[in-house]
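Peer 1: Here it is, the structure, as structure tokens.
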Amino acid sequence: MPFDIATPSAPELKTLFSSNVRIHDIPSYFHVNAYNHPDIPVMTSANPDEVKGVMWGLVPHSARSVGEALSTRKKTLNAAAETLFSAELFRNYAPHNRCLIFVNGFFEWRKGENGKTPYYIYSPDHKPFALGGVYASWDHPDWARPYGCSIITTEADRLMTEINNTKFRMPLVLPQDKWSQWLDTSQHPEQIMELMLPFEGLTAHPISSIISDREMDSNVPEVQQEIILPPDDWF
DNA sequence: CCAGACGTTGTT
DNA sequence: GTCTGG
DNA sequence: CCAGACGTTGTT
DNA sequence: GTCTGG
């Protein structure tokens, strides 16, 4: 579901943490698509004292070739909350390899009478927020990106039900007071399952078609700019 | 973005 | 070569 | 048996 | 590693 996100810069990330959290230098994006497998800012349960770039697209530990890694990672961009602890590909990582993925917002399309309209969804305070994820590492002589992650999806909240009005899903958003619990590997699956709820409290506005125009670079600030829709198209 | 398909249908 | 599913 | 998948959900 | 479609 979230295949399109905006990610914070290192200075933006620093506003979320005390100075003893190390923020690595990570490229930031006004918009990036999952299928480009970008490095995105991640805090892992193994290293909750740093935020580093991790490839979007989990490669399981058991991958046996680069070809298998390439074909698997594009199917592990998302992981459904409901089956996180049972799905073959994720169940080995769900208990101990959870992570937080920091975004400025994400993009989703609303189906209307006159086609689909893209929306930018973000925190009303315009600060970065955290998505729940799962990660794995894979070592191979011909592979330079040891860590890959998946963004967890869950049921849509009220706002996302209006926007993602065909799938009714949204990324798992974890409020700051749940971050340490999410990264705590001593938590039981049931306790973690209880955290994977729809999140109320984001806001959204419609945006132009820059995001879907092949001729344009969508990694520009304007991709997030609000446009005014004809009244009938709003919800 | 990019790996994989792209097609039809009686053979072994 | 081009399309398309992920 | 064993090669290939193992997943999620698209607007480019 | 484990499951499954053929």
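All residue numbers for the first sequence refer to this note's numbering, where the first residue is 3 and numbers rise by one.
For each residue, glycine too, the CB sits at the ideal point set by N, CA and C.
Bear in mind that the values here come from a model prediction, so they are computed numbers and not experimental data.
Expressed to the nearest angstrom, what Euclidean distance is found between the alpha-carbon atoms of Asn221 and Ile213?
Peer 2: Whole-angstrom Cα-Cα distance: 8 Å.
Peer 1: By DSSP, does Arg216 sit in helix, in strand, or in coil?
Peer 2: Correct three-state label for Arg216: coil.
Peer 1: Quick check on Ile209: does DSSP put it in helix, strand or coil?
Peer 2: Of the three classes helix, strand and coil, the one that applies to Ile209 here is strand, per DSSP.
Peer 1: Could you tell me the distance, in whole angstroms, from the CA atom of Pro177 to the CA atom of Met45?
Peer 2: Rounded to whole angstroms, Pro177 to Met45 spans 14 Å at the Cα level.
Peer 1: Are the CB atoms of Pro173 and Leu199 within a distance shorter than 8 Å?
Peer 2: Taking 8 Å as the Cβ cut-off, Leu199 and Pro173 do not qualify as a contacting pair.
Peer 1: Which residues in the same chain as Val61 place their Cβ atom closer than 7 Å to its Cβ, once the five residues preceding and following it in sequence are excluded?
Peer 2: Counting only Cβ-Cβ distances below 7 Å, and skipping sequence neighbours, we find Ala71, Thr74, Arg75, Ala138, Trp140, Gly150.
Peer 1: Are the beta-carbon atoms of Ile7 and Phe92 separated by less than 8 Å?
Peer 2: Against a cut-off of 8 Å, the Cβ pair of Phe92 and Ile7 comes out as no contact.
Peer 1: Starting from Pro191, follow the alpha helix (DSSP H) in both directions and report where the run begins and ends.
Peer 2: Here the alpha helix (DSSP H) through Pro191 covers 191 to 195.
Peer 1: Determine the burial state of Ser88: buried for a count of at least 16 other Cβ atoms within 10 Å of its Cβ, exposed for fewer.
Peer 2: Counting Cβ neighbours within 10 Å, Ser88 comes out exposed, since fewer than 16 surround it.
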